[in-house]
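*Asks:*
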Amino acid sequence: MDTLNAVMMGMANRNKELKVFDWNKAAKLIKDSKVKYAEAGLAGSWEHTGGIIFRDGKPASKKNTYVYLASIWAIPQLFIDGFFYDCYKMQSDTPNWDSDTFWPKSARKIIGK
Numbered sequence: 041m042d043t044l045n046a047v048m049m050g051m052a053n054r055n056k057e058l059k060v061f062d063w064n065k066a067a068k069l070i071k072d073s074k075v076k077y078a079e080a081g082l083a084g085s086w087e088h089t090g091g092i093i094f095r096d097g098k099p100a101s102k103k104n105t106y107v108y109l110a111s112i113w114a115i116p117q118l119f120i121d122g123f124f125y126d127c128y129k130m131q132s133d134t135p136n137w138d139s140d141t142f143w144p145k146s147a148r149k150i151i152g153k
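Count along the sequence shown from 1, add 40, and you get the number used in the working numbering.
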């Protein structure tokens, strides 16, 4: 999606609640699928928001990747084994997660890292 369309989508949805990446759901999917690699990003804007979150069987370091995983209009997704999974919660249903949240303790506990 180009910048103008992204701005227009943001304006059209400006009063909606923020969708944030569901780290716990992602951790469960990663653990259950036994993958060594996973990415996350926003549907329709992966080229600007997506990046590696799980590498070599462990959570990626935030300083070695870039992801932006919250939006009022785009759907946060997990990408594993060639498939995209919608993977989000409304911000009011999380423990204060936002676009800066990266591998919270609850998600690390699920995957055992």
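Every residue, glycine too, gets a C-beta built ideally from N, C-alpha and C.
Which word fits Val75, buried or exposed, when buried means at least 16 other C-beta atoms lie within 10 angstroms of its C-beta?
*Replies:* As a position in the sequence shown, residue 75 is number 35, starting the count at 1. When all chains shown are included, Val75 counts as exposed.
*Asks:* Quick one: what does DSSP say Asp126 is sitting in, helix, strand or coil?
*Replies:* Stepping through the sequence shown from its first residue, residue 126 is reached at position 86. Three-state DSSP puts Asp126 in a strand.
*Asks:* Between the alpha carbons of Asp72 and Asp126, how many angstroms are there, rounded?
*Replies:* For the purposes of this step, residue 72 is identified with residue 32 of the sequence shown, where counting begins at 1. For the purposes of this step, residue 126 is identified with residue 86 of the sequence shown, where counting begins at 1. Between Asp72 and Asp126, the C-alpha separation is close to 16 angstroms.
*Asks:* Starting from the C-beta of Lys153, find all residues in its chain whose C-beta is less than 7 angstroms away, skip the five residues before and the five after it, and write them out in chain order.
*Replies:* As a first step, residue 153 is located in the sequence shown; it is residue number 113 there, counting from the start. Lys98, Pro99, listed in sequence order.
*Asks:* Could you work out which residue in Tyr77, Ser111, Ile92, Asp138 is closest to Ala83 when comparing CA atoms only?
*Replies:* Position 43 of the sequence shown, counting from 1, holds the residue named residue 83. Nearest option by C-alpha distance: Ser111.
*Asks:* Go through its chain and collect everything with a Cβ distance to Lys129's Cβ below 7 angstroms, but skip five positions before and after it.
*Replies:* For this step, residue 129 is matched to residue 89 along the sequence shown. Val60, Asp62, listed in sequence order.
*Asks:* Can you tell me which of the three DSSP states Ala66 falls into?
*Replies:* Here residue 66 refers to the residue found at position 26 when the sequence shown is read from its first residue. Correct three-state label for Ala66: helix.
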